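> Mind looking over this structure? Questions follow.
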Amino acid sequence: MLDVVFQDAEVVDGSGGPSYRADVVVDRGRITAIVREAAAAGCQRPTATRTVDAEGLVLAPGFIDMHAHSDLALLRDPDHSAKAAQGVTLEVLGQDGLSYAPVDDRTLGEVRRTIAGWNGGGPGDDAVDLDWRTVGGYLDRLDTAHGGAGIAVNAAYLVPQGTVRMYAMGWEDRPATPAELDRMRRLVAEGLEQGAVGLSSGLTYTPGMYAPDAELTELCRVVASYGGYYCPHHRSYGAGALRAYEEMIALTREAGCPLHLAHATMNFAENEGRAPELLALLDRALEAGADISLDTYPYTPGCTTLLALLPSWAQEGGPEAVLTRLADGAVAERIRHDLEVTGSDGCHGVPVDWSTIEVSGVSDPALADRVGRRPASWEEARALLLADRLGTTILQHVGHEENVRAIMRHRVHTGGSDGILQGAKPHPRAYGTFPEYLGRYVREEGVLSLEECVAHLTSRPAARLRLPDRGLVREGYVADLVLFDPAEVAAGATYEAPRTPPTGIPYVLVNGRFTIEDGRRTDVLAGRSVRRTPL
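According to the working numbering, the sequence shown is numbered sequentially starting from 404.
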C-alpha cells in the first residue's frame, strides 16, 4: 500500500501550463503516480494507506520563499507556522549579506548585535545556542534541530558577503588588501563547498556596503565557478535606483555569474510609476544573454532596522562605535544633517521623512509602548536607538502599488516574503505573502492567472536554485506540495494583526509528510537543509 493519494485534485503543476484533474500518489516522500481524469476514464484508481478527497482543491508544488529571514526562527520555533501555514516548503536564508556563518567568535558577537532586530539572538537572548562557526556547521544544525527531528520547512543558504567582509577585515570603510581579498574568496568558496547555493549582499548595510565593485566582482567569480548565484540587496532602492540595478547587472556579467535581484522594487517619491524603466533595463540585459531573476513581496511598505537608515560613516567600526557616536551631540547633529538634508546612503540617498517611519519592534521589552508609533524627529529616533541598543525594527511606508503590480508580472519574477518574524508588530508579509498573491492578485484582481502565479512561486525559484527534483508536480519529484481552495485562499495578516494565519490552505506536505493537515499545524518536522547541487 502507498502512503497517500489525493483524489480528484485540480493540479496546477508549476510549469505555467493549464491545470488538469488528477489523482496524485505520494509514497516515501516522492510523487509516485499522477493519473489524469482517473474517475472519468473509468480506470483502476490508485489506492493508498490514506485517501484525501481533493475535490475543489488545487494541488501545486510547495511554495519557495526566495528571501527569508528565518535563520534563527527555524531553530527557535519548531512550529514555524508563519511560513508552514502559507504553503511554504522551502526558504532561502542568509539574506542581505548578514547572517551567522561563516564566523569566528568576534564576528559572531558583532553579527548578533547588528541583526538582532531581524532575528533576535542579541545580547541576553540565548534561546538558540549558536555553537557552529561554518556554513556546513549551520546546515548540519538545521538538519539535527529540535532534538534531531529537524525543522518545519526546508532551507537553503546564501553565504553573506557582509559577514565574510567583517570576518576578513572588520568594519573598516576601505578596499580590501590582496591578502584580505584572498581570505574572502576562500571563505566564499568554503561556504559553497559546504552546501550554500550562492552569495548575498546588503549594499545599504555595513560593512558589506563598503565593498567596491571590483571586490564584489571577484567574489562573484568564485560563486560562478561553483554554479551558484549572486543575490544583492543593491546600493539604492530610492535615489539612483536604476543606476544601482545597472551596477549589479554589469558586475555579474563581467564575473559570468547568475544574478538574482533581492526584493526588486522602486521605492520613494522619486520612483513613483517608474517600474517600466526597470523592466526595460532587465529586458535589454536578458536579450543580451544575461542570466537574471528577481523576487518581490506583494506589499508597498518595506521593513528594516532603524539603525540601517544611518549614514555608512556613522556605522564604521561596528555596533559599539555607533552607540558612541549617537551619544555625542555634535556627531549626532552630523548624522541628522545626512538623514534629513543630504539623504543618507543608508536610506537610499533620500532624505528621511519621519512620517513614513513606523516602529514595528524593539529588543528591550521596557520600550514596548514605542511599537506602532512614528518618531516625530531625529532626536526621538536617536533616543530610541540608544535606549534599545540599536535593536529597533521599522516599517517604511515608501512603496507604490503600480510598481509592485508591474514588477510581479515580469517573466523572471519569483516570490520572496523578506519576512522579519521579530517584533511586536512585524510586517504582515512575514505571515501573508503567498496567500496574498493567490487571494488578492490572482482571484480578486486578476493581475496574474493562477497557473502563472504558481509558476512564479515554485518552478522559477527551483530553477534558480538548480534543484533537479523540486518545484513541479511530476512523477519522481520530491513531494513538497500544497493544496488550497482557490475560492477561499487569502492572507489573514494585516498591519494591525500581522500574525493572523491565512485561510483556505488545508494541506501542506514537506518531503512527503503532512506539515499542515485539515488546516492545522501537525507536530511533524520534515524539513532539512537543501544544499547546492554540484556542477
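Just so it is clear, CB atoms sit at the ideal spot from N, CA and C, and this is done for glycine as well.
Here the structure is a predicted model, which is why all the values come from computation and not from measurement.
1. With a threshold of 8 Å, are at least 3 pairs of Cβ atoms found where one atom belongs to the stretch 667–680 and the other to the stretch 799–819?
2. Using beta-carbon positions only, say whether Thr836 and Gly849 come within less than 8 Å of one another.
3. Does the Cβ-Cβ distance between Glu761 and Ile797 come in under 8 Å?
4. Grab me the residues of Leu664's own chain with a C-beta within less than 6 Å of its C-beta, minus the 5 sequence neighbours each way, in chain order.
5. Go ahead and pull the three-state DSSP assignment for Leu938.
6. Leaving out five residues before and five after Pro610 in sequence, what residues of the same chain have Cβ atoms less than 7 Å from its Cβ?
7. Taking only runs of the alpha helix (DSSP H) that begin and end inside the stretch 560–644, which ones reach a length of at least 4 residues, in chain order?
8. Which of the three DSSP states is assigned to Gly426 in this structure?
9. Give the range of the alpha helix (DSSP H) segment to which His666 is assigned.
10. Whole angstroms are fine: how far does the CA of Leu561 sit from the CA of Asp474?
11. So, Ala412 versus Leu462, is the Cβ gap smaller than 8 Å?
12. Taking one C-beta from the stretch 784–799 and one from the stretch 844–859 each time, how about it: are there three or more such pairs within less than 8 Å?
13. With a threshold of 8 Å between beta-carbons, can Val845 be considered close to chain B, or not?
14. Between the C-alpha atoms of Asp883 and Ala890, what's the straight-line distance to the nearest angstrom?
15. Assuming Phe671 is part of the alpha helix (DSSP H), what are its boundary residues?
16. In the DSSP assignment, what are the bridge partners of Val881?
17. Excluding the 5 residues flanking Val881 on each side, which residues of the same chain have their C-beta closer than 7 Å to its C-beta?
18. Identify whether Thr817 lies in helix, strand or coil by the three-state DSSP scheme.
19. Using a Cβ-Cβ cut-off of 7 Å (strictly less than) and excluding sequence neighbours within five positions of Ala771, which residues of its own chain qualify?
20. In three-state terms, what does DSSP make of Thr903?
21. Locate the alpha helix (DSSP H) running through Ala784, then write down its first and last residues.
22. Would the stretch 489–505 count as touching the stretch 528–538 if we require 3 or more Cβ pairs under 8 Å?
23. What do you reckon, are the CB atoms on Thr903 and Thr897 nearer than 8 Å?
24. Assign Cys706 to one of two classes, buried (16 or more other C-beta atoms within 10 Å of its C-beta) or exposed (fewer than that).
25. Taking the alpha helix (DSSP H) that Pro722 belongs to, which residues open and close that run?
26. Please name the residue or residues paired with Asp456 in a DSSP beta bridge.
27. How big is the Cα-Cα spacing for Met572 and Gln718?
28. According to DSSP, which residues form a beta bridge with Ser932?
29. Helix, strand or coil: which one does DSSP assign to Cys660?
30. Would you decide whether Pro581 is buried or exposed? Buried here means 16 or more other CB atoms lie within 10 Å of its CB.
31. Which one of His830, Arg656, Arg516, Ser603 has the shortest CA to CA distance from Val725?
32. Which class does Gln498 belong to by DSSP, given the choice of helix, strand or coil?
33. Can you tell me whether Gly465 is buried or exposed? The criterion is at least 16 other CB atoms within 10 Å of its CB, across all chains shown.
34. Going by the CB atoms, is the gap between Leu685 and Leu654 shorter than 8 Å?
35. Specify the secondary structure class of Val892 as computed by DSSP and reduced to three states.
36. The beta strand (DSSP E) that contains Cys706, what's its start and end?
If we stick to the structure as given:
1. yes
2. no
3. yes
4. Leu697
5. coil
6. Gly565, Arg568, Met569, Trp574
7. 564–572, 581–596, 616–628
8. Here the sequence assigns Asp to residue 426, which means Gly is not the residue at that position. Of the three classes helix, strand and coil, the one that applies to Asp426 here is strand, per DSSP.
9. Run containing His666: none; DSSP gives neither H nor E here.
10. 11 Å
11. yes
12. no
13. Looking at the structure shown, chain B is missing, and only one protein chain is on hand.
14. 22 Å
15. Here Phe671 belongs to no alpha helix (DSSP H), and DSSP marks it neither H nor E.
16. Arg433
17. Gly432, Arg433, Asp872, Arg873, Asn914
18. strand
19. Val765, Ala827
20. coil
21. 781–790
22. yes
23. yes
24. buried
25. 722–730
26. Gln410
27. 15 Å
28. Ala558
29. coil
30. exposed
31. Arg516
32. helix
33. buried
34. no
35. coil
36. 705–708
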